[in-house]
Amino acid sequence: MKTVAFHTLGCKVNQYETEAMEELFEKNGYKIIREDSFADVYVINTCTVTNLSDRKSRQFIRKAKKLNKDSIIAVVGCYSQVSPEEVAGIEGVDVIIGTTDRNEIVELCERAKEESEKINIVRDIRTYKKFDKININEIKSKTRAYIKIQDGCNQFCSYCIIPYARGPIRSREYEDVIKETEKLAKAGFKEIVLTGIHIASYGKDLKDIGLVDVIKGINRVEGIERIRLSSVEPTLIDEDFMKEIVKIDKLCDHFHLSLQSGSDTVLKRMNRKYTKDIYKNKTELIRKYMPNAALTTDIIVGFPGETDDEFEETCDFVRDIGFSRIHVFKYSPRKGTPAEKYENQVDGNIKNGRSELLIKIAEEMSNEFKNKFIGLSLEVLFEENDNEEQICEGYTTNYIRTKVEADDSFVGQIKSVKIIDSADDYLIGKI
Ligand code: SF4
Numbered sequence: 000m001k002t003v004a005f006h007t008l009g010c011k012v013n014q015y016e017t018e019a020m021e022e023l024f025e026k027n028g029y030k031i032i033r034e035d036s037f038a039d040v041y042v043i044n045t046c047t048v049t050n051l052s053d054r055k056s057r058q059f060i061r062k063a064k065k066l067n068k069d070s071i072i073a074v075v076g077c078y079s080q081v082s083p084e085e086v087a088g089i090e091g092v093d094v095i096i097g098t099t100d101r102n103e104i105v106e107l108c109e110r111a112k113e114e115s116e117k118i119n120i121v122r123d124i125r126t127y128k129k130f131d132k133i134n135i136n137e138i139k140s141k142t143r144a145y146i147k148i149q150d151g152c153n154q155f156c157s158y159c160i161i162p163y164a165r166g167p168i169r170s171r172e173y174e175d176v177i178k179e180t181e182k183l184a185k186a187g188f189k190e191i192v193l194t195g196i197h198i199a200s201y202g203k204d205l206k207d208i209g210l211v212d213v214i215k216g217i218n219r220v221e222g223i224e225r226i227r228l229s230s231v232e233p234t235l236i237d238e239d240f241m242k243e244i245v246k247i248d249k250l251c252d253h254f255h256l257s258l259q260s261g262s263d264t265v266l267k268r269m270n271r272k273y274t275k276d277i278y279k280n281k282t283e284l285i286r287k288y289m290p291n292a293a294l295t296t297d298i299i300v301g302f303p304g305e306t307d308d309e310f311e312e313t314c315d316f317v318r319d320i321g322f323s324r325i326h327v328f329k330y331s332p333r334k335g336t337p338a339e340k341y342e343n344q345v346d347g348n349i350k351n352g353r354s355e356l357l358i359k360i361a362e363e364m365s366n367e368f369k370n371k372f373i374g375l376s377l378e379v380l381f382e383e384n385d386n387e388e389q390i391c392e393g394y395t396t397n398y399i400r401t402k403v404e405a406d407d408s409f410v411g412q413i414k415s416v417k418i419i420d421s422a423d424d425y426l427i428g429k430i
């Protein structure tokens, strides 16, 4: 039996697309094996968000060739989209695909093997209008499934390479999203996470369909009990949006609103399309309609020119908002973006110090948020269990990890849990 091994870098969208490509290989008689095994084909699904991601992609390409010198190496995704010539120049690479046409991967790998030639099908993404259908039909995980509803981004934040790697916004057809949801519901999934590069833009390229319509459509699918949004841009939130979504009973009260900085001057240099006042107003709207909502975010520290005062502003602002979780990133210049050329790049030690401080603040806020729920009852969707310890764990609607004493019969079920205590990064409850 022919074998294929995948190595995936980067975000949830890439992970989704890897699963879909795995299926294509399986349908064509391949067996999926571990990435460090001797395989006939290696697929490296790359990321290009930082220079480090590029390096990691290159390292794995070389490693794969060492594992089997006669293998076919296919490089797919954002790095090959942005730098196809660079990827084609790496020894051992046979197939180069960008962020389109991944449906053809099996055929291209077989052609490269037969004809012993390098195949490069990377297109100019700037004018690409189609949402590439690449579906997951067989379900591998248990309770929570991701559905990719959108690709591309038109925002051009000054530090980000994604618009160059993924191209302009493209939305998946409504009917197609609903069909995939129905399939997932039949397979026993209870929770759907809507994912994409910039899901706030969903529908902008379709006729009379927007993100709210998709959420409503999924809400009607029998068997699905929760809908969660992955990261959204703050600009999505307004009073009308909140009024609509608060009526959608399966939508989780959890919003990952990318902030990136709490200083207006830094936000401007980042080319973000809001100020901190606008952002704050969005969070107040969310809390007005969903008082227990979890607000999570991303912050970049050490953006070029970030002064001590600007960083302090960010610290004060995040305390003011009260996030339940913050992903802290140290700015790393990305080749090909405007910010790479900005003056006053911040010293690495300063970035480290700022990152540590912000992580500490984030931990304090996270504890404060979860401890508010001690003594209350929350709905938990159980995802996994430890049979030896008889502990089952899952997430609340507002994304707090929660553990209870129970056997594996709870997995895949939603139960009302009385919260009795909290530990490092989870709540402890009882049924
Ligand atoms: S919104 Fe900004 S950070 Fe997000 S993908 Fe688009 S350009 Fe990148």
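No gaps in the numbering here: position 23 of the sequence shown is 22 in numbering that gives the first Met the number 0, and each next residue is one more. Even glycine gets a Cβ: it sits at the ideal position worked out from N, Cα and C.
Would you call residue i buried or exposed, if buried means 16 or more other Cβ atoms sit within 10 Å of its Cβ?
i      : result
Ile43  : buried
Pro290 : exposed
Asn397 : buried
Arg441 : Look at the range of the chain in this structure, 0 to 430, and you will see that residue 441 is not part of it.
Phe188 : buried
Ser376 : exposed
Ile217 : buried
Gly428 : buried
Arg125 : exposed
Glu232 : buried
Met0   : exposed
Asn153 : exposed
Phe37  : exposed
Gln58  : exposed
Phe130 : buried
Ser262 : buried
Leu51  : exposed
Arg171 : buried
Asp407 : exposed
Ser115 : exposed
Ser415 : exposed
Phe322 : buried
Glu305 : buried
Lys348 : First, the amino acid is wrong: residue 348 is Asn here, not Lys. Exposed, since its Cβ has fewer than 16 Cβ neighbours within 10 Å.
Asp237 : exposed
Gln389 : exposed
Asn386 : exposed
Arg61  : exposed
Lys275 : buried
Hey, residue i and residue j are a contact pair by Cβ (cut 8 Å); roughly how many whole angstroms apart?
i      : j      : result
Gly76  : Asp150 : 12 Å between Cβ atoms; not a contact.
Lys249 : Glu224 : 6 Å
Ile430 : Val403 : 6 Å
Ile32  : Glu25  : About 12 Å separates the two Cβ atoms, so there is no contact after all.
Val410 : Ala361 : In fact, because the Cβ distance is near 30 Å, the residues do not count as touching under 8 Å.
Tyr145 : Thr99  : With a Cβ gap of about 20 Å, Tyr145 and Thr99 do not count as contacting.
Ser493 : Thr336 : For residue 493 there is no data in the structure shown, the boundaries of the chain being 0 and 430.
Ile148 : Ile198 : 6 Å
Ile285 : Met241 : 7 Å
Arg110 : Ile104 : With a Cβ gap of about 11 Å, Arg110 and Ile104 do not count as contacting.
Glu339 : Arg333 : 6 Å
Arg143 : Val192 : 6 Å
Ser331 : Phe302 : With 8 Å as the limit, Ser331 and Phe302 do not qualify as a contact, their Cβ atoms being about 10 Å apart.
Ile244 : Val211 : 6 Å
Thr7   : Thr17  : 4 Å
Ala164 : Gln80  : 5 Å
Leu23  : Glu190 : About 25 Å separates the two Cβ atoms, so there is no contact after all.
| Contact the segment 67-81 vs the segment 29-43: 3+ CB pairs below 8 Å | yes
| message | Under 8 Å: do the segment 303-317 and the segment 356-363 share three or more Cβ pairs, one atom per stretch? | response | yes
| query | Is there contact here, the segment 362-381 with the segment 415-429, by at least three beta-carbon pairs under 8 Å? | reply | Yes, since at least three Cβ pairs between the segment 362-381 and the segment 415-429 fall closer than 8 Å, the two stretches touch.
| field | Complete runs of the alpha helix (DSSP H) confined to the segment 138-180 [at least 4 residues] | value | Those alpha helix (DSSP H) runs which fall completely within the segment 138-180 and span 4+ residues are 161-165.
| If you scan the segment 278-303 from start to end, which runs of the beta strand (DSSP E) of 3 or more residues do you find wholly inside it? | 293-300
| Would the segment 287-303 and the segment 252-264 be scored as touching if the rule is three or more Cβ pairs under 8 Å? | yes
| task | Answer yes if the segment 44-52 comes into contact with the segment 174-192, meaning at least three C-beta pairs across the two stretches below 8 Å, and no otherwise. | result | no
| Can you give, in chain order, each stretch of the alpha helix (DSSP H) that sits fully within the segment 26-86 and has at least 4 residues? | List check, alpha helix (DSSP H) in window: 50-66 and 77-81.
| said: Using a strict less-than 7 Å threshold between each residue's beta carbon and the heavy atoms of the ligand SF4, what residues do you get? | reply: Cys152, Gln154, Phe155, Cys156, Cys159, Ile161, Pro162, Ile196, His197, Glu232 and Ser257
| query | Are at least three pairs of beta-carbons, each pair with one atom in the segment 382-393 and one in the segment 197-206, less than 8 Å apart? | reply | no
| field | Length at least 3, wholly inside the segment 336-424: the beta strand (DSSP E) runs in chain order | value | 376-385, 390-395, 400-404 and 413-421
| said: Threshold first: 4 residues or longer. Then list the alpha helix (DSSP H) segments lying entirely within the segment 181-267, N to C. | reply: Taken in chain order, the complete alpha helix (DSSP H) segments of 4 or more residues contained in the segment 181-267 are 210-218 and 238-244.
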